[in-house]
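Residue numbers (this note's numbering): 40 to 345. Down below is the structure, laid out as structure tokens.
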């Protein structure tokens, strides 16, 4: 376990891991869709929405599949919900990469509960189900207007046959007439479908930007540190499906719903501290990603300046 602290300003800490994290306990959750490469080794298979609560008495939960069905369900500590979303690259949770760069009005979920609940999405991928990932909702703590993106860095040597890697960032609006801009993108990247980097969304609409690391070198980590700025509160998912921090051939899903700058900063405080706990993966994967939002950010690990 390591303690990481930051001096002078706040950073966005992005934990992209296939290990299930604890979701944010909240009465409201928004879950934008993700995207994945349309390749046999990356195609999402069974996808599930999980909802649970510490409450021992039943809690009424309204689950809305955006643009489609609304279900009123009951959940308790002894009886969590597992809802099958579907399978493949075109489900309520997954947007086929060929359609990225368009507004979706029929992707993602909102969850409203009488009492606080946890919400997450879990999936396996690849025809042999050798890939897997989980994305946990941050609840109302996930709403904000300023976000920094993280993905795997994909340092291996890519060839034209590496079609099962994809980096993405997706957003969902929680209010009408929300302007969303994707900024601080490096030169040389090639975005799938020539996606515009500015869009106006209404409530429940979502939007996905995707980069294939095999297309050009700049795409390998081209979304790392990208700034997502919105005129009104949004929710942001980002990561890789598949991706890796390794120079070798290993790959996996790594994705999360990230917290905005407004949530993680501590007004009036000089230091911010985070604790990282290593999971049971190999070294190249088990690495937290730290993205500075402001200049002159000093990073300390266990009190040592790195």
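Beta carbons: idealized from backbone N, C-alpha and C, even for Gly.
Residue i - containing beta strand (DSSP E), residue span
| i | result |
| --- | --- |
| residue 101 | 98-104 |
| residue 278 | 266-282 |
| residue 231 | Neither: residue 231 is in no beta strand (DSSP E) and is coded neither H nor E. |
| residue 187 | 183-187 |
| residue 293 | 291-296 |
| residue 109 | 109-114 |
| residue 121 | 120-125 |
| residue 253 | Looking at the DSSP string, residue 253 is not in any beta strand (DSSP E), and its letter there is neither H nor E. |
| residue 207 | 206-212 |
| residue 333 | Segment: none, residue 333 is in no beta strand (DSSP E) and carries neither H nor E. |
| residue 203 | First-last for residue 203: undefined, no H or E at that position. |
| residue 63 | Careful: residue 63 lies outside any beta strand (DSSP E) and carries neither H nor E. |
| residue 222 | 217-222 |
| residue 240 | 237-240 |
Buried versus exposed, by CB contacts within 10 Å (16 or more), residue i
| i | result |
| --- | --- |
| residue 321 | exposed |
| residue 111 | exposed |
| residue 283 | buried |
| residue 317 | exposed |
| residue 329 | buried |
| residue 297 | buried |
| residue 408 | Since the first residue of the chain shown is 40 and the last is 345, residue 408 is not available in this structure. |
| residue 337 | exposed |
| residue 250 | buried |
| residue 76 | buried |
| residue 136 | buried |
Delimiting residues of the alpha helix (DSSP H) encompassing residue i
| i | result |
| --- | --- |
| residue 303 | 300-303 |
Strand pairing of residue i, partner residues [DSSP]
| i | result |
| --- | --- |
| residue 83 | 164 |
| residue 149 | 69, 103 |
| residue 170 | 164 |
| residue 78 | Answer is none; residue 78 lacks a bridge partner. |
| residue 132 | According to DSSP, residue 132 bridges with nothing at all. |
Spatial neighbours of residue i in its chain, beta-carbon cut-off 7 Å, leaving aside the 5 residues before and after
| i | result |
| --- | --- |
| residue 342 | none |
| residue 266 | 187, 222, 223 |
| residue 197 | 252, 253 |
| residue 245 | 71, 72, 143, 146, 147, 209, 210, 211 |
| residue 195 | 283, 285, 286, 287, 288 |
Close beta carbons around residue i, own chain, < 6 Å, minus the five adjacent residues each side
| i | result |
| --- | --- |
| residue 78 | 202, 203 |
| residue 166 | 79 |
Under 9 Å between C-beta atoms of residue i and residue j
| i | j | result |
| --- | --- | --- |
| residue 90 | residue 119 | yes |
| residue 240 | residue 219 | yes |
| residue 261 | residue 225 | yes |
| residue 217 | residue 299 | no |
| residue 348 | residue 247 | No answer is possible for residue 348: it lies beyond the span of the chain, which begins at 40 and ends at 345. |
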